[in-house]
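Here our numbering is used: the first residue of the sequence shown is -1, the next is one more, and so on. Even for Gly, the Cβ is constructed at its ideal location relative to N, Cα and C. Computed from a predicted model, the values in this text were never measured in an experiment. Shown next, in structure tokens, is the structure this report addresses.
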Amino acid sequence: MVSQVITSTVIGIDAYKILVEVDLVQSIPAVVIVGLPDVAVSEAKERVRSAIKNSGFSFPNQKVVVNLAPADIKKEGTNYDLPIAIGILARDGVVDENLIKNTAFLGELSLDGSLRAVSGILPIVSGLKDLKIEQVVVPRENAKEAALIPDVKVLCADTLGDVVKHFSAKPEERKELETCEVDIEDYLNEYTTTHYEFDFKDIKGQIKAKKALEIAAAGGHNILMMGPPGSGKTLLSKSFASILPPLELEEAIELTKIYSVSGLLHSDSPLINKRPFRTVHHTASAVGIIGGGSRPKPGEITLAHRGVLFLDEIVEFPRQVLEVLRQPLEDGEVVISRAQTSIKYPADFILLGAMNPCPCGYLGDTQKQCTCTDFQVQRYRSRLSGPLLDRIDIQIEVPRLTTEELLNTKIKSETSEDIRKRVVKARKIQYERYKNYPILTNSQLNAELIKIFCKLDEKCETLLKTAIAKFNLSGRSYDRILKLARTIADIEGSENIESAHIAQALQYRNFVENNV
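Here it is in structure tokens:
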């Protein structure tokens, strides 16, 4: 009789049920694993054999055939070790097969039989819940992460022997595994006590830039800052993280799935409870930013999902790397296509870019003379293509601080906490407005929803007509100005978009010249 054990695998951030079938054949002793396993899965037979023996159980003196079904899905990773071992012991009569029905097993085995943590537990348990699996057995290090999914009983174990005792075929030898439970609200509430190294109160001047960042945070808008060296672009960008709103529960779960698949979760903090702020160096490759590889993994844009991707000195990035951002910025997701499969990752992030106005950095500066020719300036700025700039809602200049601004210590700037309160208020307005729609922020509005939520009066239409004629706006730019005005209205608590909101939105579009 063939024993069957439930486990799962992850493709992208989606889980798929895998059935581990084990049979014993009268033949020369060996272990054969079939079902499209990769090298790590094929090596499981040696780990499983040693773990079973070192846990005090006998390994079958027969040919062990392990099938991972369905066979057309490639099996990767080490989380198959535990289910394979349980399947062998169930076929050998050590584990009661009736007890392991509707229970999933996940975990890597050490040679001494102890269990090691594996990646991707959260999306796996979430997927198993949708398949009506009642309980899962995981290594203790993964238990808190697995317990974030409600209505699934999570049993944590330290060794293979502990698991066998829980499901032993001999009732007198059974010993219950520990059940893990967590309060997800406790992890979310930790955000309120988070301390940030950079705060807006420590930044002198730059009132317009601060307001622009507030609007970007409130509506999820992309932003580009241009200014000379030392004007405060990097400090403003690093302080941006301190005004981001807390994550909603569904956002936190979605983000945690991504970090779980990437193996970036800490066992003591299994839930990502604040928005990511990913800083990428200009030497990063397109694969590093978008994701992919021989074994596809999420890239920086996916790790920045629901948060910020900061590209300092954005024009120093190769143009090819910048151009791959265009589709994710438009669609909020990235599709990685390979010969055998196509993987989709979420990538709804705020692009925060900083750049100098010219190669020497001092074009338009009041203190230092620019040494660049017009051709050098044009070639420098042309690294940002028109289509990419069209997808950046806010484009502002960050000028050098004056002597008076630098020396003035009497004027106190707003704290990040004060700004964040307005951002949170605006986000709540959007959350309520779009609760019946598949979006969360104004930046996600499509053409159909813009017609519903960005209605204009005659005065606003007249102002926009003038702007379209003067700046030769594209259809995409027009839509983004409306979305930006909708966010400005939300910050001010206005139900309708007014002409003042349109005018302010136009001020945040500098329309950087780009003769591409």
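| Check | Outcome |
| --- | --- |
| If I'm right that S355 touches Q374 with Cβ under 8 Å, what's the distance once you round it to whole angstroms? | In the sequence under discussion, the amino acid at residue 355 is Pro, which differs from the Ser named in the question. Not really, about 12 Å apart at Cβ, beyond 8 Å. |
| Tell me whether Y343 sits in a helix, a strand or coil according to DSSP, three-state version. | strand |
| Could you give the first and the last residue of the continuous alpha helix (DSSP H) run that contains I50? | 42 to 52 |
| Nearest-angstrom Cα distance between S383 and R317? | 8 Å |
| Sorted by chain position, which residues of the same chain lie with C-beta nearer than 7 Å to S258's C-beta, five sequence neighbours on each side aside? | S117, G118, I119, L120, P121, E143 |
| Closest Cβ-Cβ distance between P294 and chain D: below 7 Å? | You won't find chain D in this structure, because it holds only one protein chain. |
| Does DSSP put A214 in a helix, in a strand, or in coil? | helix |
| I'd like to check one pair, R276 with D391: are the Cβ atoms closer than 7 Å? | no |
| From Q211 to S124, what distance separates their C-alpha atoms? | The sequence given here places Leu at residue 211; Gln does not occur at that position. Roughly 35 Å separates the two Cα atoms. |
| So is I201 buried or exposed if we call it buried at 16+ other beta carbons inside 10 Å? | buried |
| Could you tell me the boundaries of the alpha helix (DSSP H) in which V259 lies? | 247 to 259 |
| Based on Cα-Cα distance, which residue from Y360, C452, N220 lies nearest to F238? | N220 |
| Residues in its own chain within less than 6 Å of R487 by CB, not counting five upstream and five downstream? | With the sequence shown as reference, residue 487 is identified as Ala, and Arg is not the correct amino acid for it. Once the five neighbours on either side are set aside, the close Cβ partners of A487 are I495, H499. |
| Using a Cβ-Cβ cut-off of 6 Å (strictly less than) and excluding sequence neighbours within five positions of T191, which residues of its own chain qualify? | Residue confidence for T191 is low, a pLDDT of 49 falling below 50, so the modelled location carries little weight; the figure read from the coordinates is stated next. Excluding positions up to five away in sequence, the list is empty. |
| Using only alpha-carbon positions, find the residue among L80, I50, Q60, K61 that is nearest to I4. | L80 |
| Report the option in N96, K199, G291, E328 whose CA atom is closest to the CA atom of K168. | N96 |
| Would you call the stretch 220 to 235 in contact with the stretch 149 to 159, where contact means no fewer than 3 C-beta pairs closer than 8 Å? | no |
| Among all the DSSP beta bridges, which residues are the ones paired with D310? | A352 |
| Whole beta strand (DSSP E) runs in the stretch 91 to 159 with 3 or more residues, listed along the chain? | 101 to 103, 133 to 137, 151 to 155 |
| For P344, count neighbouring C-beta atoms within 10 Å of its own C-beta (all shown protein chains included) and say buried if the count is 16 or more, exposed if not. | buried |
| In chain order, what residues of the same chain have a beta carbon less than 8 Å from the beta carbon of R420, not counting five sequence neighbours either side? | E212, A216, I489 |
| Decide yes or no for the touch test of the stretch 63 to 71 against the stretch 90 to 110: beta carbon pairs closer than 8 Å, at least 3 of them. | no |
| Using the rule of at least 16 other Cβ atoms within 10 Å of the residue's Cβ for burial, across every protein chain shown, is Y476 buried or exposed? | exposed |
| Among residues of its own chain, excluding the 5 on either side of T157, which ones have a beta-carbon nearer than 7 Å to its beta-carbon? | S53, G111, S112, L113 |
| What number of angstroms, rounded off, separates the C-alpha of D372 from the C-alpha of L247? | 51 Å |
| Could you pull the start and end residues of the beta strand (DSSP E) that D12 belongs to? | 12 to 23 |
| Who are the Cβ neighbours of G228 in its own chain at under 8 Å, not counting the five residues just before and after it? | R398 |
| Pick from D363, A207, E249: whose alpha carbon is nearest that of L438? | E249 |
| Taking buried to mean at least 16 other C-beta atoms within 10 Å of its own C-beta, is A141 buried or exposed? | buried |
| Using only CA atoms, which one of S292, R507, M353, R431 lies nearest to I466? | R507 |
| Okay, do the stretch 43 to 52 and the stretch 3 to 19 touch, 3+ Cβ pairs below 8 Å being the bar? | no |
| Is it right to say T400 is buried, meaning 16 or more other beta carbons lie within 10 angstroms of its own, or is it exposed? | exposed |
| Output the distance between the C-alpha atoms of K549 and I417, rounded to the nearest integer angstrom. | The shown model of the chain, from -1 to 514, leaves out residue 549, and the question about it has no answer. |
| May I have the straight-line CA-CA distance separating K51 from T254, to the nearest angstrom? | 36 Å |
| Quick one, which of I270, Y432, E321, F315 has its alpha-carbon nearest M353's? | F315 |
| Can you tell me whether DSSP reads Q325 as helix, strand or coil? | helix |
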